[in-house]
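In the working numbering, the protein residues as written are 942 to 1120. Glycine is no exception: its CB is placed at the ideal position from the N, C-alpha and C atoms.
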Amino acid sequence: MNNIKNTFSIKDLENLSGIKAHTIRIWEKRYNVLEPMRTDTNIRFYDLSCLQKLLNITLLHDYGYKISKISKMSEEKIPSLVREIISQKSAKHHAISSFKMAMMNFDQTLFTSTYNNLLSEKSFKEIFYDVFIPLMNEIGFLWQTDTITPAHEHFLSYLVKQKLLINTEKLQLVAPTKT
């Protein structure tokens, strides 16, 4: 049985990206940034590539790019600009987006590479407070609104718990110092 969620409603996109459904519809109509598929009853639905594109657009928008400028960029330019911004600025938002994509695809390799990239720049304590706690809050909300399945939440929770246990074990191996 394949538990990977491949299609998303506009409400799912709103919950995952933080962009209101109304705004997504306006961006579709005015700027053609996303091309939703339609059911027989004309209800929008989106695939993983649309989700990924919207998360990238959201990041660019959060960094001050106007949607009118983003809409004129090529399909290749948007991800490359996102990578450029992330390499120059805080990786927190990008890390959370990458962790979400890893969760949606049940991709442990993406989770691990994102975590290792963060670990090269920050301590585990910083990652825990700045990335994992906000991420888990967001994941709880996504589960609560039926955007993700319990399997998605369990997958991500397990990986975060694993990192927490490993780092707790490392602390216990360090000899205590007297104060």
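Query                                                                                              : Result
Those residues which DSSP pairs with Asp-988 across a bridge                                       : Thr-948
Straight-line Cα distance separating Thr-1055 from Phe-1082                                        : 22 Å
C-alpha distance - Thr-1086 paired with Ala-1043, whole-angstrom precision                         : 19 Å
C-beta contact flag for Asn-947 and Asp-988 at 8 Å                                                 : yes
Nearest candidate by alpha-carbon position, reference Pro-1020, set Lys-1007, Glu-1110 and Asn-997 : Asn-997
Burial state of Ser-990, where buried means 16 or more other Cβ atoms lie within 10 Å              : exposed
CA nearest to the CA of Tyr-1004, picked from Val-1023, Ser-1015 and Lys-994                       : Val-1023
Cutoff 6 Å; reference His-1035; Cβ partners in own chain excluding five residues on either side    : Ile-1027
Within 8 Å, strictly: CB atoms of Tyr-972 and Ser-1012                                             : yes
Which residues DSSP lists as bridging Met-978, in chain order                                      : Phe-986
Element boundaries [alpha helix (DSSP H), containing Val-1101]                                     : 1091-1114
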